[in-house]
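Numbering (the working numbering), first residue to last: 412 to 651.
Here you go:
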C-alpha cells in the first residue's frame with residue numbers, strides 16, 4: 412500500500428537517549444534537528460514527546476506535505492548527513508523512521524489539551540501482515556471507531572480527539588515479522604484518567620473489538636505527551 416504523492420504524512424521517529432548525555436545537550440541537539448527539518452521543503456510541523464514510564468525515550472512526530480518531500484530531504488546528503496551525525500551522538504536504539512497517513516491530518520490530538528501540563532495521548536500500533544487487504548483494513552478501522560464510541564459511553568477522560576492511519580511501510584517489526592501497522596492516537600485529559608478507564612470493567616468489554624481484528628498479529632501501546640509543537644511558520648511551545 413503506497414501513499415499517493417499528494418497525501419500528507421507524519422514521519423515517526425523513536426529513539427533512546429544515551430545515558431551519559433546531559434539533558435541540556437539532548438535538548439540542544441533536538442532543537443537544532445527541528446530547525447533543520449523545518450527548513451526543508453514540505454516539512455510542516457515537528458512535535459517532540461517523551462514516553463510515560465520510559466525515561467530517556469524520545470518520539471518525534473514530523474508532518475510532511477508528502478512522502479516524496481521527506482524522501483527528497485533524505486536524498487540530500489549535505490543536509491541529512493550532519494543532522495544524522497548530531498542525532499547519533501546523543502541517541503541510541505533508533506529504528507528506521509516510518510510514515511503514517513493519519514486521518515484527520517494534521518493529527519492535532521498530539522497537541523493535547525490547551526492547558527499546559529495536562530493531557531496524554533495513547534499511541535497504539537496494531538500490526539498486520541504486509542499485504543493486509545482492503546476489507547481487513549476497513550474492518551480494523553471500523554473496530555477502532557467502535558472502540559472509541561465505547562470509550563465515550565463510560566468515561567469523560569477521553570477527550571474524543573483521535574487520529575488513525577496505516578503505515579506506508581510494511582517492514583515494521585512485530586515479534587520479528589515484517590508488518591504493516593494501523594497507528595492509532597487517542598486523546599486523554601490526563602494519565603490518571605487513562606488509568607481509571609483501563610481499570611473500569613466496561614473497558615474490558617470493549618477491548619475485544621481491537622483484539623479480534625482480522626489478521627491482527629499484535630498490539631503495543633505507550634503514552635506520550637508532546638512537549639513542543641513547532642510549526643514551519645512560527646513556533647508554539649508547550650512546557651510540561
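C-beta atoms are modelled at their ideal positions from N, C-alpha and C, and glycine is treated no differently.
This one's a predicted model, so the numbers in the text were calculated from it and none came from an experiment.
Flag this pair as yes or no: are the beta carbons of residue 595 and residue 533 separated by less than 9 Å?
-> yes
Would the segment 613-630 and the segment 557-577 be scored as touching if the rule is three or more Cβ pairs under 8 Å?
-> Short answer: they touch.
Start and end of the alpha helix (DSSP H) containing residue 507?
-> Residue 507 -> no alpha helix (DSSP H), and no H or E assigned at all.
Residue 499 classed as buried or exposed, judged by whether at least 16 other C-beta atoms fall within 10 angstroms = exposed
Enumerate in chain order the residues of its own chain whose CB-to-CB distance from residue 574 is below 7 Å, with the five nearest sequence positions on each side excluded.
-> 513, 514, 515, 518, 520, 596
For residue 632, which option in 625, 609, 490 has the closest C-alpha, if you only look at C-alpha atoms?
-> 609
Take residue 447 and list the residues in its own chain whose beta-carbon comes closer than 6 Å to its own, dropping the five residues that flank it on each side.
-> Correct list, in chain order: 494.
Can you say whether residue 652 is buried or exposed, counting buried as having 16 or more other CB atoms within 10 angstroms of its CB?
-> One cannot answer for residue 652 here, as it falls past the ends of the chain, which runs 412 to 651.
In the DSSP assignment, what residue or residues form a beta bridge with residue 473?
-> 422, 457
Helix, strand or coil for residue 512 per DSSP?
-> Three-state DSSP puts residue 512 in coil, outside helix and strand.
Between residue 427 and residue 544, what straight-line distance do the alpha-carbon atoms span, to the nearest angstrom?
-> Near 34 Å, if we compare the C-alpha coordinates of residue 544 and residue 427.
Simplified DSSP assignment, three categories, for residue 451 | coil
Could you give the DSSP three-state label for residue 632: helix, strand or coil?
-> strand
Could you work out which residue in 625, 542, 477, 425 is closest to residue 462 when comparing CA atoms only?
-> Distances from the alpha-carbon of residue 462 to those of 625, 542, 477, 425 put 425 closest.
In whole angstroms, what is the alpha-carbon distance linking residue 430 and residue 468?
-> In a straight line, the C-alpha of residue 430 is about 11 Å away from that of residue 468.
Residue 624 to residue 445 span [Cα, whole Å] = 37 Å
Neighbourhood of residue 465 by C-beta, 8 Å cutoff - its chain only, sequence neighbours within 5 removed | 633
Inter-residue CB distance, residue 402 and residue 558 (contact presumed, cutoff 8 Å) = Nothing about residue 402 can be read from this structure; the chain reaches only from 412 to 651.
With a 10 Å radius around its C-beta and 16 neighbouring C-beta atoms as the bar for buried, classify residue 434 as buried or exposed.
-> In summary, residue 434 is exposed, with fewer than 16 beta-carbon neighbours lying within 10 Å of its beta-carbon over all protein chains present.
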